[in-house]
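What follows is a short report on a single structure.
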Amino acid sequence: MHVMDEETTENIRMLCDSASALVPADGSLDRVRAARFQAPGFSRDGWETVAEMGWLGLRASEDAGGMALGLPEAVALVRVLGSGLVPEPYVAATLAIDLLEDAGPHTALDSALTGQDIILPAWQATADGLDPAAGVSVRNGRLSGTKCAVIAGADLYAVTTAEGLALIPRDAGGLTVQAIAMHDGTYRETLTFDEVAVEVHPSTDPVACLARAMVLHAAYLHGAAEQAFDITLEYLRTRQQFDVAIGSFQALQHRATEMKVQLELARASIDAAAASMDVGQLDHAGHMAALRARSRAGELARLVAREAIQMHGAIGYTDEADIGLFARKLVVEAGQFAPEFRLRERFMTHREDAA
Amino acid sequence: MTQPPFIADHAPHPDFNALSDAEFRALARDFVESNYPDIPRFAQHRLRWPEVRPWYAALARAGWIAPTWPQTLGGMGLGAGKHLILIEEFERYGAARVHDIGTVMLGPLLMQYGTQAQQDYYLPRILRGEDIWAQGYSEPGAGSDLAALRTTAVRDGDEWVIDGQKTWITLGADANMAFVLARTDKTVKKQAGISFLLVPMDAPGVTVRPIENLEGHAEFCEIFFDGVRIPAGNIVGEVNQGWTMAKALLGHERVFIGAPRLSANALGRLEASARANGLWDDPAFQDRFARLAMDLADLNDLFETYVQRLRTGAPIGADVGVLKIFQSELYQRISEELMQVAGSLAGVKLAEGGDSRFDAAGTYLAARPTTIFGGSTEVMRNVLARASLNLPK
Ligand SMILES: Cc1cc2nc3c(=O)[nH]c(=O)nc-3n(C[C@H](O)[C@H](O)[C@H](O)COP(=O)(O)OP(=O)(O)OC[C@H]3O[C@@H](n4cnc5c(N)ncnc54)[C@H](O)[C@@H]3O)c2cc1C
Numbered sequence: 004m005h006v007m008d009e010e011t012t013e014n015i016r017m018l019c020d021s022a023s024a025l026v027p028a029d030g031s032l033d034r035v036r037a038a039r040f041q042a043p044g045f046s047r048d049g050w051e052t053v054a055e056m057g058w059l060g061l062r063a064s065e066d067a068g069g070m071a072l073g074l075p076e077a078v079a080l081v082r083v084l085g086s087g088l089v090p091e092p093y094v095a096a097t098l099a100i101d102l103l104e105d106a107g108p109h110t111a112l113d114s115a116l117t118g119q120d121i122i123l124p125a126w127q128a129t130a131d132g133l134d135p136a137a138g139v140s141v142r143n144g145r146l147s148g149t150k151c152a153v154i155a156g157a158d159l160y161a162v163t164t165a166e167g168l169a170l171i172p173r174d175a176g177g178l179t180v181q182a183i184a185m186h187d188g189t190y191r192e193t194l195t196f197d198e199v200a201v202e203v204h205p206s207t208d209p210v211a212c213l214a215r216a217m218v219l220h221a222a223y224l225h226g227a228a229e230q231a232f233d234i235t236l237e238y239l240r241t242r243q244q245f246d247v248a249i250g251s252f253q254a255l256q257h258r259a260t261e262m263k264v265q266l267e268l269a270r271a272s273i274d275a276a277a278a279s280m281d282v283g284q285l286d287h288a289g290h291m292a293a294l295r296a297r298s299r300a301g302e303l304a305r306l307v308a309r310e311a312i313q314m315h316g317a318i319g320y321t322d323e324a325d326i327g328l329f330a331r332k333l334v335v336e337a338g339q340f341a342p343e344f345r346l347r348e349r350f351m352t353h354r355e356d357a358a
Numbered sequence: 008m009t010q011p012p013f014i015a016d017h018a019p020h021p022d023f024n025a026l027s028d029a030e031f032r033a034l035a036r037d038f039v040e041s042n043y044p045d046i047p048r049f050a051q052h053r054l055r056w057p058e059v060r061p062w063y064a065a066l067a068r069a070g071w072i073a074p075t076w077p078q079t080l081g082g083m084g085l086g087a088g089k090h091l092i093l094i095e096e097f098e099r100y101g102a103a104r105v106h107d108i109g110t111v112m113l114g115p116l117l118m119q120y121g122t123q124a125q126q127d128y129y130l131p132r133i134l135r136g137e138d139i140w141a142q143g144y145s146e147p148g149a150g151s152d153l154a155a156l157r158t159t160a161v162r163d164g165d166e167w168v169i170d171g172q173k174t175w176i177t178l179g180a181d182a183n184m185a186f187v188l189a190r191t192d193k194t195v196k197k198q199a200g201i202s203f204l205l206v207p208m209d210a211p212g213v214t215v216r217p218i219e220n221l222e223g224h225a226e227f228c229e230i231f232f233d234g235v236r237i238p239a240g241n242i243v244g245e246v247n248q249g250w251t252m253a254k255a256l257l258g259h260e261r262v263f264i265g266a267p268r269l270s271a272n273a274l275g276r277l278e279a280s281a282r283a284n285g286l287w288d289d290p291a292f293q294d295r296f297a298r299l300a301m302d303l304a305d306l307n308d309l310f311e312t313y314v315q316r317l318r319t320g321a322p323i324g325a326d327v328g329v330l331k332i333f334q335s336e337l338y339q340r341i342s343e344e345l346m347q348v349a350g351s352l353a354g355v356k357l358a359e360g361g362d363s364r365f366d367a368a369g370t371y372l373a374a375r376p377t378t379i380f381g382g383s384t385e386v387m388r389n390v391l392a393r394a395s396l397n398l399p400k
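Chains as they are written, first to last, in our numbering: chain R, 4 to 358; chain V, 8 to 400.
The following block contains the structure:
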């Protein structure tokens with residue numbers, strides 16, 4: 004258990020309260036439903052709220068106009084966003100901001116923090132890749148190659164390359180954007196760069212930025228999983244079959260307990276990772292903590308998705324029941340930042356290197 | 008477009024069971040290759056009636072629509088082993104599953120419990136595609152606890168009057184007939200007062216509401232009955248004997264619901280997508296794949312033991328549940344691995360006509376209900392424990 008100082012606790016309380024701007028207290032998902040399958044999968048109004056609340060500058064330095072809060076605070080906020088299935092790509096945007104800061108002062112940072120431009124990262128080369136340098140190359144100020152699984156809705160892309168960070172407008176000459184619909188009603192894009200003119204800003208440690216984003220993403224999965232779990236528990240208490248609430252069946256109780264075990268493990272792992280990565284350079288231990296948190300959250304997401312559907316019976320397989328929205332979101336999001344086997348591989352590399 | 012009735016126009020069938028398995032397999036393969044119409048193959052979800060109708064028509068014309076019915080009644084008269092081969096060959100080709108509740112469920116039930124008049128009227132209509140049937144058992148309050156159903160049928164002169172609601176009816180919106188379990192006596196033990204009724208979907212008072220599933224297909228639906236009147240003769244078996252009918256329907260099909268084909272299909276997709284993503288040679292993947300492949304082979308062996316029992320007419324016990332439990336859970340485990348292989352793009356929703364082999368999340372979602380319908384895994388485990396483990400109550 005990590006002891007938090009009073010100030011952090013208070014910040015977290017305030018942030019979580021502020022999340023009600025996008026996560027209705029009554030659990031309504033009407034806004035979320037309305038945004039599904041309408042490109043880009045979230046609303047510009049929602050994005051304005053994200054910016055107004057100051058969340059984009061949560062971890063940015065005060066010099067840059069941010070709040071200079073820590074990863075634990077961000078984790079707490081993102082958990083609430085996850086519990087409300089907020090489709091606005093907050094985690095992706097903070098990764099872009101992190102990358103921008105990492106690549107030194109940049110005017111684009113301003114417009115990212117104010118929400119004026121939506122800047123989203125394009126870092127992944129293949130669906131199971133974890134290397135931000137892969138997929139593209141820069142020659143004579145021209146960028147070529149591809150990035151995949153980019154969250155849709157950007158005005159500008161923060162493209163990671165071996166040479167550093169490149170900021171590329173959506174309408175840049177030589178850039179082809181192909182959008183694909185996901186099962187949760189959001190979109191991902193494949194970007195193909197053909198000799199796109201770029202200015203590259205040398206980055207110091209994009210992998211560390213990814214590790215922090217991974218922990219935030221894990222928090223999103225955790226928040227969504229926990230809410231799906233609560234909804235399922237409520238169903239177990241109220242759904243009657245054979246003249247009793249189905250929650251009285253031990254077969255279901257034991258599996259509900261398993262979800263509880265996994266939720267608590269994930270919480271501990273995510274919170275510990277956030278606390279330990281918050282200060283200083285990211286060492287092997289920090290990377291391992293992030294990989295662990297993200298792995299557990301991915302497995303948790305799919306566990307809760309399948310148990311939530313199963314325990315709801317047929318109604319869990321319908322689009323009209325909210326639990327289905329959770330299941331879809333969990334399944335789609337679980338694979339972001341690479342599948343677990345790749346994370347485990349990377350974990351073992353750090354383990355070897357640390358020894 | 009071809010419309011029913013699809014009249015059979017073939018010479019009398021040979022005795023298929025007399026052929027060797029290899030001969031019959033070749034025949035089945037040739038049949039599907041030369042008769043499958045220009046409609047989707049390897050479809051991830053059930054095709055709707057307008058899409059699948061040409062295939063139904065082709066099967067009906069050839070007299071192949073009801074593989075297990077006796078030849079005297081217009082079927083192929085296939086034994087279980089040959090039936091399995093037929094299914095395998097159709098699956099291998101990626102043939103769509105036709106609307107088969109009439110041939111698979113209602114037909115055999117009528118042969119066992121229906122009156123001569125019912126058989127004479129309904130069986131040919133199924134063969135000719137004139138009646139497409141839906142199964143109306145479940146209700147909002149009666150899923151696993153089917154005997155808790157509340158839809159009622161009250162006798163009024165020469166008619167039954169039906170009130171209530173059925174739900175989760177697969178392809179119900181495509182059907183023109185439904186068989187429905189309804190309560191005909193409220194005063195007796197809940198299993199005892201249920202009857203089995205045949206209801207035209209166009210009868211006044213029937214309303215259908217489609218329900219979209221998690222993949223966005225309106226595959227099942229809800230049916231409301233508001234003072235629906237059907238002739239008194241539309242009951243199968245005796246009044247209040249519906250529970251016996253409902254259970255009898257399971258008989259044969261208990262085995263086929265545990266057939267390895269869903270898992271086999273999914274494993275094929277897994278291999279294809281691992282090869283496409285360059286993961287096939289990864290030793291860690293190979294280990295996980297090998298485990299799944301071995302599980303599938305074991306499932307095949309287990310399945311074969313039940314098919315053997317069907318072939319020889321030996322009784323199928325309650326332990327047949329192990330088949331469905333293992334099959335559906337294996338299918339789901341394979342779908343988990345598909346998600347891993349597809350990584351960050353596992354959630355891609357295929358555009359219409361896309362290659363369904365690469366729809367990882369779609370397969371994942373499609374695998375979910377297999378542990379819910381036809382008796383949920385939890386309830387099947389209860390039944391299995393009670394019927395075959397001899398544990399204290
Ligand atoms: C895709 C699909 C197609 C279907 N098609 C049809 C159709 O054509 N016609 C039709 O009539 N029905 C159909 N059904 C309905 C199906 O038969 C029911 O969904 C099934 O009987 C389970 O009932 P339920 O959904 O109400 O779940 P519930 O019975 O409410 O079960 C909810 C959860 O509780 C568990 N549970 C219940 N009882 C026990 C127990 N005693 N011990 C331990 N756990 C228990 C269940 O396993 C499940 O996990 C279909 C369902 C699906 C998903």
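Glycine included, C-beta positions come from ideal geometry on N, C-alpha and C.
- Task: With a 10 Å radius around its C-beta and 16 neighbouring C-beta atoms as the bar for buried, classify residue 298 of chain R as buried or exposed.
- Result: The residue in question, residue 298 of chain R, is buried, as its Cβ has 16 or more Cβ neighbours within 10 Å.
- Message: Here's a check: name, in chain order, each residue in its chain whose Cβ is nearer than 6 Å to the Cβ of residue 221 of chain V, leaving out the five neighbours to either side.
- Response: Here the set comprises 372.
- Could you say which of V:250, V:75 and V:132 lies nearest to residue 401 of chain V if we only look at CA atoms? Nothing about residue 401 of chain V can be read from this structure; chain V reaches only from 8 to 400.
- Task: Taking residue 131 of chain R as the reference, give the member of V:152, V:347 and V:87 with the closest Cα.
- Result: The closest CA to that of residue 131 of chain R, considering only V:152, V:347 and V:87, is found on V:347.
- In whole angstroms, what is the alpha-carbon distance linking residue 326 of chain R and residue 29 of chain R? Near 15 Å, if we compare the C-alpha coordinates of residue 29 of chain R and residue 326 of chain R.
- Item | residue 356 of chain R versus residue 168 of chain R - alpha carbon distance | Taken atom to atom, the span from the alpha-carbon of residue 356 of chain R to that of residue 168 of chain R is near 26 Å.
- Message: The beta strand (DSSP E) that contains residue 170 of chain V, what's its start and end?
- Response: From DSSP, the beta strand (DSSP E) with residue 170 of chain V extends over 166–177.
- Query: Hey, out of V:219, V:242, V:193 and V:179, whose CA is closest to residue 230 of chain V's CA?
  - Reply: Taking each of V:219, V:242, V:193 and V:179 in turn and checking the Cα distance to residue 230 of chain V, the smallest one comes out for V:179.
- Burial state of residue 398 of chain V, where buried means 16 or more other Cβ atoms lie within 10 Å: Answer is exposed; the Cβ neighbour count stays below 16.
- Task: Please determine if the stretch 325–342 of chain R and the stretch 273–285 of chain R are in contact, where contact requires at least 3 C-beta pairs separated by less than 8 Å.
- Result: No, because fewer than three Cβ pairs between the stretch 325–342 of chain R and the stretch 273–285 of chain R fall closer than 8 Å, the two stretches do not touch.
- residue 90 of chain V, DSSP secondary structure in three states: Taken through DSSP and simplified to helix, strand or coil, residue 90 of chain V comes out as helix.
- For residue 245 of chain R, return the contacting residues in chain V, with the cut-off set at a CB-CB distance below 7 Å. Contacts between residue 245 of chain R and chain V, judged by CB atoms closer than 7 Å, involve 152 in chain order.
- Mind checking residue 81 of chain R: buried by the 16 CB within 10 Å criterion, or exposed? Result: buried.
- Message: For residue 37 of chain V and residue 350 of chain R, I'd like the C-alpha separation in whole angstroms.
- Response: For the pair residue 37 of chain V and residue 350 of chain R, the Cα-to-Cα distance works out to about 52 Å.
- Pick from R:88, R:85, R:74 and R:84 that is closest to residue 101 of chain R, judged by C-alpha positions: Ranking the options by Cα distance to residue 101 of chain R, first place goes to R:74.
- Query: Mind checking whether residue 95 of chain R and residue 15 of chain R have CB atoms under 8 Å apart?
  - Reply: Not closer than 8 Å, so no.
- Task: Write down every uninterrupted run of the alpha helix (DSSP H) in the stretch 264–317 of chain R whose length is 4 residues or greater and which is fully enclosed by it, in chain order.
- Result: If we require 4 residues or more, the alpha helix (DSSP H) runs fully inside the stretch 264–317 of chain R come out as 287–315.
- Going straight from the alpha carbon of residue 303 of chain V to that of residue 245 of chain V, what length do you get? Roughly 43 Å separates the two Cα atoms.
- Task: Could you list which residues in chain V have their beta carbon closer than 9 Å to that of residue 255 of chain R, in chain order?
- Result: Residues of chain V whose Cβ lies closer than 9 Å to the Cβ of residue 255 of chain R are, in chain order, 385.
- Query: According to a CB-to-CB cut-off of less than 7 Å, which residues of the stretch 151–177 of chain V neighbour chain R?
  - Reply: Going along the stretch 151–177 of chain V in chain order, one finds 151, 152 and 175 with a Cβ nearer than 7 Å to chain R.
- Message: Does the stretch 11–29 of chain V come into contact with the stretch 240–249 of chain R, if we say contact requires no fewer than three beta-carbon pairs (one atom in each stretch) closer than 8 Å?
- Response: Counting Cβ pairs under 8 Å, fewer than three are found: no touch.
- Can you give the Cα-Cα distance for residue 93 of chain R and residue 275 of chain R, rounded to whole angstroms? Taking the straight line from one Cα to the other gives about 21 Å.
- Item | Residues near residue 267 of chain V by beta carbon distance below 7 Å, same chain, minus five either side | Within the same chain, residue 267 of chain V has close Cβ partners 303, 306, 307, 310 and 334.
- Message: Taking the beta carbon of residue 158 of chain V as the centre, do at least 16 other beta carbons fall within 10 Å, making it buried, or is it exposed?
- Response: Flag for residue 158 of chain V reads buried.
- Message: So the candidates are R:238, R:67 and R:347; which of them puts its Cα closest to the Cα of residue 324 of chain R?
- Response: For residue 324 of chain R, the closest C-alpha among the options R:238, R:67 and R:347 is that of R:238.
- Query: Under 8 Å between C-beta atoms, does residue 388 of chain V make it to chain R?
  - Reply: For residue 388 of chain V, the nearest CB of chain R lies under 8 Å from its own CB, placing it at the interface with that chain.
- Message: Taking DSSP's pairing of strands, which residues face residue 245 of chain V in a bridge?
- Response: Per DSSP, none; premise fails for residue 245 of chain V.
- Message: Quick check on the burial criterion: 16 or more other C-beta atoms within 10 angstroms. Buried or exposed for residue 91 of chain R?
- Response: It counts as buried.
- Task: Specify which residues have a beta carbon nearer than 6 Å to any heavy atom of ligand 1, listing them in chain order.
- Result: Residues flagged by the Cβ proximity filter: R:242, R:244, R:245, R:249, R:252, R:254, R:255, R:313, R:314, R:316, R:317, R:320, V:142, V:143, V:144, V:145, V:150, V:151, V:175, V:176, V:177, V:227, V:376, V:379, V:380, V:383, V:385, V:386 and V:389.
- Are any of the Cβ atoms in chain V nearer than 8 Å to that of residue 334 of chain R? Output row for residue 334 of chain R: interface = yes.
- Task: Select from the stretch 344–359 of chain V all residues with a C-beta closer than 7 Å to any C-beta belonging to chain R, and list them in chain order.
- Result: If the cut-off is 7 Å between Cβ atoms, the stretch 344–359 of chain V has 346, 347, 349, 350, 351, 352, 353, 354, 355 and 356 near chain R.
- Query: Straight-line CA distance for residue 387 of chain V to residue 130 of chain V?
  - Reply: Straight-line Cα distance between these residues: approximately 31 Å.
- Query: Which chain R residues sit within Cβ distance under 9 Å of residue 313 of chain V?
  - Reply: Correct list: empty, because the minimum Cβ distance to chain R is about 25 Å.
- Query: With a CB to CB cut of under 8 Å and the five nearest residues on each side skipped, what residues in its chain are close to residue 273 of chain V?
  - Reply: Only 338, 341, 342, 345, 370 and 374 meet the Cβ criterion.
- Task: Would you check if the stretch 196–211 of chain V and the stretch 231–244 of chain V touch, i.e. whether three or more CB-CB distances between them fall below 8 Å?
- Result: Counting Cβ pairs under 8 Å, three or more are found: they touch.
- Does DSSP classify residue 4 of chain R as helix, strand or coil? Residue placement at residue 4 of chain R cannot be trusted, given a pLDDT of 43 that sits under 50; what the coordinates show is reported in the next sentence. The answer is coil: DSSP assigns residue 4 of chain R none of H, G, I, E or B.
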